[in-house]
Amino acid sequence: KNVVFLPYNARAEKEYLFRRLKEHGRINLLTQNRVFSFRSRDYQNNEIFYERLEALRADDFTNLEKYLYEIEASLSMFSKPKFILNYQPSGQEIEALKRFMERTSLPVVLEIDAPGYRPVILGYSYIFSSLEKLLPLEVMFSKAVLDYEVLSVYSDSILKESISVGKLDNLIYRTTLDASKGRFEVLLKLQREGSVLSKSIIINANRPEEPQILKITNKGDVSSVLDLFYNIKTVPPGAFKIENLYKYPLIIIDGIPIEEIDTLSSNLLREVYLRGISSIFFIADSPGFGKRGDNPVLEEILPVILSARTLKYLPAMGILILLDVSASMGGEKLSLAKLSTLELIKNLKNTDLVSILTFWDKYEYLNDFKEKSLLMGDTGVEPLVARGGTDLYIALEDGLERLLKLNIDEKHIIILSDGETRDRNFEPLLRKAREEKITISVIGVGERINTKLLNKIAVDTGGNFFRVDSADEIPAVIFEDRKNITRSHFAEEDFSIKDAFGNKIASVSGMNLYTPKEGRVMLYSNEFDDPLFILEERGNKPILMFTSDIYGYYTEDFFENSSVISTFQTLLESLITEEAVRVRVTESSGAVTITIRSEELLNPGIVVYRDNSLIEEKSFNRGAFGYFSMQMKLPVRGNYTVIITDRGESVVRFPLFVSGTMEGREISSLIESTRFKTPGYKLIHPETLWLYLFFIACVFVTYLFRRGYFFHRGKV
């Protein structure tokens, strides 16, 4: 049974597709990387069919290879796939069809129903390098061009020259263009008596003055120190969704709180960095930049942990301690909980406001909120004994209300309990805590605890969940919770700044205090070894972080130091300067070929992006004398960003425009499609051949037994 597949692309006419639908009864259209099925009985007239087609978006041109795996999954073992193509497939597509036939063991029918092949303009090719200002362009014609008399060439609507077609050198037109213009349109007009044939070619080239650095900021057009030395494109935070990030070797995230960067944009930044495509430079110039847990995706790649190494500069916090003294906490559990409470208070800042609330099936405050320095030695925890049932809900409800009345920015609750409490719906309380930005950490005490409830309370409110089974674990748990739960402090005071060799070079009057991750490089730090300028070395595209501002507000003295400016310039220059590789781009019918030459490259590859989405990723084929080439079929006419990589590092990037109007086809593809034959029998896959042979042998042996070849009837 034939299963018919047709491409729905710019060449496909609605009338032709409807005729094919009626002819075969059912067809499958290939477009937008999906397969859409149509049955003739569902479309009694062509108007309904045309309306359905209008709802689909046709490809500019089809890459059959991208559809074959989805098609393979939809076929049965008795199917006979038939591909009716309205274009000449490439050699690569023919080979993919052969592999498809080998994988599926199905006889594939290939019918090429393309219009008469008499192209005029076969393709074009140009060469560029970042070091060259002129861009050589070649346009290749077929012999059909000789039917015309004059070729007129326009560059951006300005007539460049008109020549006689007979003067073309081997049917090739050659010219040079000014690469510094960046983007230009070349219009080719072939003229003869009574007719004109026009084709346009759009070429994108890197302009020397085009920005190589993208700064995403909420500070508008205010110039930073870096703007004095570099041509930087500045965009607002919303540009994540519209700006082509892969175009820039360096992306600066200037003071944007990381919790305001959505998941899609965060994943995009992470991919840009981990693929070695671009460096990312985070500027953390305010307390609002972030704390641990604000954005796990970005925190994974930051060179610092978003918490301070000490409590000294953290802001004061209002802390309510809920201590479970119910009967289920009797014995060793309660002793451990009381010890944990005392250690907790000991490890808080002297200026933290602390209140202790005990609960069982009722609740009682041991003290109102007071500074930790006034509470030490008078906590009232030691004489507590276990009693009654457990109702955590009523204690947490009243504790939240009391904490909300406290006049302090940072508020936190710590629960010490085994979680064995009355069955309640805690969601309203947790929602209220989230809305009021009150975090709740939970310390599960003892071996038997209600992990599900206690963990939910912590996770849903942005707190931490710890489990304490022995007194040895208490100090570390308490200190980590107090250090990590607060938003890291931007200390507005004078810090002495030293370079990587320990030399004092300047000062800053304010900076964020973060903990450097192990193995990162601190170029500048304060006298307490808190990083000011830190990076992670990862190939030629590291990730960087500066923990103060780049506008001179806190850093005026720092940026007045010439050695600092020299260090910044040397480092950033190395990030945005890419190799001067000569690249040849050739476009023919639906295919783009990239050729490069370099003695330095070992195993180059190519990645292609469109609208921040990965379109193609391939390796180059090695040729002689340092040449590498590859061919790809890009699915849509328009702009792309091409990045050439080698050993996991980006080497050069350039913009590419696919015109999609060239007519040249590969000679090899014409030969291969002519040779492509459909087997007249069901193919047997080599891996299953033994099953067929075994079945045939069994039938044959059964026949012999029935005929009595192995024994006479009645005798064994």
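Mind the numbering: the sequence shown is residues 76 to 791 in this note's numbering, read in order.
Ideal Cβ placement from N, Cα and C applies to all residues, glycine included.
- Within the stretch 470-522, the runs of alpha helix (DSSP H) that reach at least 4 residues and sit entirely inside it are, in chain order, 502-510.
- Here L243 carries a coil assignment [DSSP, helix/strand/coil].
- Here DSSP, grouped into helix, strand and coil, assigns A359 to coil.
- Note that the C-beta distance between I326 and S353 is below 7 Å.
- DSSP links M215 through a beta bridge to G198, I247.
- By the Cβ test, the stretch 665-673 is in contact with the stretch 699-715, since at least three Cβ pairs between them sit closer than 8 Å.
- Fewer than three pairs of CB atoms, one per stretch, sit closer than 8 Å, so the stretch 719-727 makes no contact with the stretch 638-649.
- Rounded to whole angstroms, the separation of the alpha carbons of R523 and F540 is 15 Å.
- Taking E674 as the centre and dropping the five residues before and after it, the same chain places the C-beta of G701 closer than 6 Å to its C-beta, in chain order.
- In this structure, the straight-line span from the alpha carbon of Y778 to that of F769 is close to 14 Å.
- At least 7 Å separates the beta-carbon of I278 from that of F304.
- Per the C-alpha coordinates, the member of D135, L478, L344 positioned closest to I431 is L478.
- Counting along the chain, the unbroken alpha helix (DSSP H) around F124 starts and ends at 121-130.
- Cβ contact annotation for S638 (same chain, cutoff 7 Å, sequence separation greater than five): I580, in chain order.
- Rounded to whole angstroms, the Cβ separation of L428 and E446 is 6 Å, and the two are in contact under 8 Å.
- Counting other Cβ atoms within 10 Å of its Cβ, G521 reaches 16 or more and is therefore classed as buried.
- Distance check between I328 and each of D360, E334, T292 places T292 closest, using alpha-carbon atoms only.
- With contacts defined by Cβ atoms closer than 7 Å, K173 and N77 do not form a contacting pair.
- Y599 is not a Cβ neighbour of D569, given a cutoff of 7 Å.
- Relative to the Cα of V517, the nearest Cα in the group E502, N530, E511 belongs to N530.
- A residue is called buried when at least 16 other Cβ atoms come within 10 angstroms of its Cβ; T137 meets this threshold and is buried.
- In this structure the stretch 168-185 touches the stretch 130-150; the number of beta carbon pairs closer than 8 Å is three or more.
- In the three-state reduction of the DSSP assignment, Q167 falls in the helix class, which pools H, G and I.
- Residue state for I572 is assigned as strand, using DSSP reduced to three classes.
- Residue state for T106 is assigned as strand, using DSSP reduced to three classes.
- In the structure shown, K413 falls within a helical segment according to DSSP collapsed to helix, strand and coil.
- Leaving aside the five residues that flank E612 on each side, the residues in its chain whose CB is nearer than 7 Å to its CB run, in chain order, V596.
- If you draw a straight line from the Cα of I515 to the Cα of L619, it comes to about 32 Å.
- Inter-segment contact for the stretch 397-407 and the stretch 464-478 is present: three or more beta-carbon pairs are separated by less than 8 Å.
- Under the DSSP assignment, P679 falls in the beta strand (DSSP E) whose first and last residues are 679-685.
- Beta-bridge pairing by DSSP links K274 to L263.
- Within the stretch 559-640, the runs of beta strand (DSSP E) at least 3 residues long that lie entirely inside it are, in chain order, 570-574, 579-583, 596-601, 606-611, 618-621.
- An exposed status is given to S151, since fewer than 16 other beta-carbon atoms sit within 10 Å of its beta-carbon.
- Where R95 is concerned, the enclosing alpha helix (DSSP H) starts and stops at 89-99.
- The Cβ-Cβ distance between N319 and F729 does not fall below 7 Å.
- E662 is classed as buried because its beta carbon has at least 16 other beta carbons within 10 Å across all chains shown.
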